[in-house]
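The numbering of the sequence shown is the UniProt record's numbering, which starts it at 1 and goes up by one.
By construction, the Cβ of each residue, glycine as well, lies at the ideal position given by its N, Cα and C atoms.
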Amino acid sequence: MLNKTYGKNVTATPRHDLLVDNSYKISGSSARIVKKCAYHHCTLLCHSNLSHVRTLLTPPLIQIESNATKSVKSHVQNLFEIFEDFHYNNLINCFSDIYIGKNSLESGNIVYLCNSTFLLN
Numbered sequence: 001m002l003n004k005t006y007g008k009n010v011t012a013t014p015r016h017d018l019l020v021d022n023s024y025k026i027s028g029s030s031a032r033i034v035k036k037c038a039y040h041h042c043t044l045l046c047h048s049n050l051s052h053v054r055t056l057l058t059p060p061l062i063q064i065e066s067n068a069t070k071s072v073k074s075h076v077q078n079l080f081e082i083f084e085d086f087h088y089n090n091l092i093n094c095f096s097d098i099y100i101g102k103n104s105l106e107s108g109n110i111v112y113l114c115n116s117t118f119l120l121n
């Protein structure tokens, strides 16, 4: 949708990150499987304080060893800075339209909360 509407090249990487014009990461994800449980989270930088993000992602102790997948440093930017006239309502509508299309639902089954979250009826 962003590619068609705004003429920017938004692509997914093999690690499932979203890059704009192969330069800026706007989204990342992480997953882990432990026994019979799967954990997954995804981030989408919409209107984040990027200096706080950088501080939080800088490890305090470099000597810590972990079995986790190594993080890849990337240039990041907020979605709403790249696409200045794209806002939360556009984002929610985009996600809900995709979800409705893939699951053969009617748009009347979606309830909006706080302009940033949607639930299915």
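For HIS41, the enclosing beta strand (DSSP E) has its first and last residue at 37–44.
Beta-bridge partners of ILE98 (DSSP): none assigned.
Of the candidates SER27, SER66, ASN9, HIS16, SER27 places its Cα closest to the Cα of ASN78. Contact between ASN9 and ASP21 holds: CB atoms are separated by about 5 Å, below the 8 Å threshold. In the structure shown, the three-state DSSP call for VAL72 is coil.
The three-state reading of DSSP puts SER23 in coil, since its state is none of H, G, I, E or B.
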